[in-house]
Every structure is written in C-alpha cells, then in structure tokens.
Amino acid sequence: MFYGYILRSKKTRRFYAGHTEDPPNRLLEHNTGQARSTRHGIPWKLVHVEEFATRAEAMHWERTVKARGMERYLQDNGWQDAG
Numbered sequence: 002m003f004y005g006y007i008l009r010s011k012k013t014r015r016f017y018a019g020h021t022e023d024p025p026n027r028l029l030e031h032n033t034g035q036a037r038s039t040r041h042g043i044p045w046k047l048v049h050v051e052e053f054a055t056r057a058e059a060m061h062w063e064r065t066v067k068a069r070g071m072e073r074y075l076q077d078n079g080w081q082d083a084g
C-alpha cells in the first residue's frame with residue numbers, strides 16, 4: 002500500500018504534502034530533519050492520510066492536492082483547523 006499525506010508545521014503553520022509507504026516513519030524523518038524540504042518547519046503534525054493501491058495513484062493524488070492548495074483540499078473534505 003501507498004499513502005498520500007498532508008503535514009502541518011506547528012512552527013510556521015504551513016502545509017506539506019507527500020507520499021510514502023510508511024506514514025509514521027516518514028513523519029519521523031520530517032521531524033528529525035532528514036527531509037531537507039521540511040527542516041525549516043519542525044515540528045510537523047500529520048493532519049491527513051489517504052491510502053492507495055499503487056505509487057502512481059498516490060503520486061497523482063499528491064500532484065492534485067498541491068495544485069488545488071492543501072488547505073483548500075482539507076477544508077473541502079471537512080477539515081477544520083484546531084490550532
């Protein structure tokens with residue numbers, strides 16, 4: 002299985018979307034500075050995960066979410082910012 006995920010930085014309040022086979026481990030990588038693109042926003046919180054059968058589906062979801070805007074995607078799917 003593959004997963005699309007959205008993170009929210011507790012420091013900068015910005016969002017980040019990606020895909021992985023192991024969401025808990027990937028979150029740990031983001032929060033320990035192993036992912037260069039998200040080092041500036043540590044700590045990160047996992048706010049959304051979706052499951053896909055293939056990597057291609059997860060990558061397509063990621064591109065769609067980034068094109069639409071992550072916060073807008075979340076709001077359209079019932080997410081409310083809890084701070």
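If you count the sequence shown from 1, you need to add 1 to reach our numbering. Note that CB positions come from ideal geometry on N, CA and C, so glycine has one too.
Q.
Comparing C-alpha positions only, which one of Phe16, Lys11, Gly34 sits nearest to Glu63?
A. Comparing Cα-Cα distances from Glu63 to each of Phe16, Lys11, Gly34, the minimum goes to Phe16.
Q: Please name the residue in Tyr74, Asp77, Thr65, Glu51 whose C-alpha comes closest to that of Pro24.
A: Glu51
(Q) Between the alpha carbons of Gln81 and Tyr74, how many angstroms are there, rounded? (A) If you take the alpha carbons of Gln81 and Tyr74, they lie about 11 Å apart.
(Q) My assumption, with CB atoms under 8 Å, is that Arg9 sits in contact with Lys67. Please give the rounded CB distance. (A) So it is not a contact: roughly 15 Å between Cβ atoms.
Q: Have a look at Arg69 and Thr13 and give me their C-alpha separation to the nearest angstrom.
A: 20 Å
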